[in-house]
Amino acid sequence: MIEPVDLAELLRGRRSVNFFQPEPVGTEVLLEAIEVARWAPNHRLTEPWRFYVLGDETADAIARCAAELDRSTKGERAAQLRYNRMSAIPGNFVLTSRRAGDEIVDLENYAACCCAVQNLMLYLWQRGIGVKWTTGPVTREQGFYDLVGMDPEAERLVGLFWYGIPKAVPTQKRRAVEEIVIRKP
Ligand SMILES: Cc1cc2nc3c(=O)[nH]c(=O)nc-3n(C[C@H](O)[C@H](O)[C@H](O)COP(=O)(O)O)c2cc1C
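Counting along the sequence shown from 1, when you hit position 12 you're at 30 in our numbering, and nothing is skipped either side.
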């Protein structure tokens, strides 16, 4: 059984990873993490999450799509940098949340997906694998939806996630607890 102190360490120690070792970790461990992720709380038991596990071909097409966006807004050099950066990511997946046609249920579904993401990231972290949650401009493109095979009318994008063995683990900070706690009598 995991000791509370270890859990606190895990929660504090997980970081969003920007740079990864080149070798992919494979989808088996990701599928294990997805199996754990789906035990997240989800109101009405909607299980609103859909995980799109992307292969190299799709990941490369997404990198090209992102580079194309940069080419039109920032120029050729930015496009090249974007492509180089994204094509160096060893593993990619996309998570979507099912739209319910009801604002409250949509929000609950998205919230449940965010809980699932945290489950997944923590599981992978304790296996030595880092994740980065991204919601950059490419994730709002129809071309991206087409490549992933998701229907933006029926699903809301939660994120495009990168995963792999961290090359470096960034440091982070948080505000003091007193700053975020409001005590009421
Ligand atoms: C909904 C959501 C969207 C995010 N999108 C991005 C993103 O597009 N690009 C990025 O660099 N980080 C993104 N992040 C990661 C956050 O920047 C990161 O969690 C934050 O800097 C805190 O770092 P930590 O996760 O290491 O504690 C996103 C995080 C969340 C929760």
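Glycine is no exception: its CB is placed at the ideal position from the N, C-alpha and C atoms.
With a 10 Å radius around its C-beta and 16 neighbouring C-beta atoms as the bar for buried, classify residue i as buried or exposed.
i, result
"residue 172", "exposed"
"residue 192", "exposed"
"residue 150", "buried"
"residue 90", "exposed"
"residue 25", "exposed"
"residue 197", "exposed"
"residue 140", "buried"
"residue 126", "buried"
Based on the DSSP output, what are the partners of residue i in its beta bridges?
i, result
"residue 116", "173"
"residue 70", "112"
"residue 162", "Answer by DSSP bridge pairing: none, since residue 162 is not bridged."
"residue 143", "None; residue 143 has no bridge partner."
"residue 156", "Paired residue(s): none; residue 156 is not in a bridge."
"residue 178", "112, 152"
In this structure, does DSSP put residue i in helix, strand or coil?
i, result
"residue 37", "coil"
"residue 184", "strand"
"residue 31", "helix"
"residue 205", "With the chain covering 19 to 203 only, the question about residue 205 has no answer from this structure."
"residue 189", "coil"
"residue 57", "coil"
"residue 194", "coil"
"residue 168", "coil"
"residue 21", "coil"
"residue 80", "helix"
"residue 43", "coil"
"residue 129", "helix"
"residue 122", "helix"
"residue 85", "helix"
Write down the C-beta distance between residue i and residue j rounded to the nearest angstrom, noting that I regard them as a contact closer than 8 Å.
i, j, result
"residue 225", "residue 177", "Residue 225 lies beyond the range of the chain shown here (19 to 203); nothing can be said about it."
"residue 174", "residue 117", "6 Å"
"residue 138", "residue 200", "About 31 Å separates the two Cβ atoms, so there is no contact after all."
"residue 130", "residue 60", "4 Å"
Beta-carbon separation of residue i and residue j under 8 Å?
i, j, result
"residue 166", "residue 70", "yes"
"residue 180", "residue 32", "no"
"residue 66", "residue 115", "yes"
"residue 148", "residue 184", "yes"
"residue 110", "residue 72", "yes"
"residue 42", "residue 108", "yes"
"residue 134", "residue 68", "no"
"residue 39", "residue 146", "no"
"residue 156", "residue 84", "yes"
"residue 186", "residue 37", "yes"
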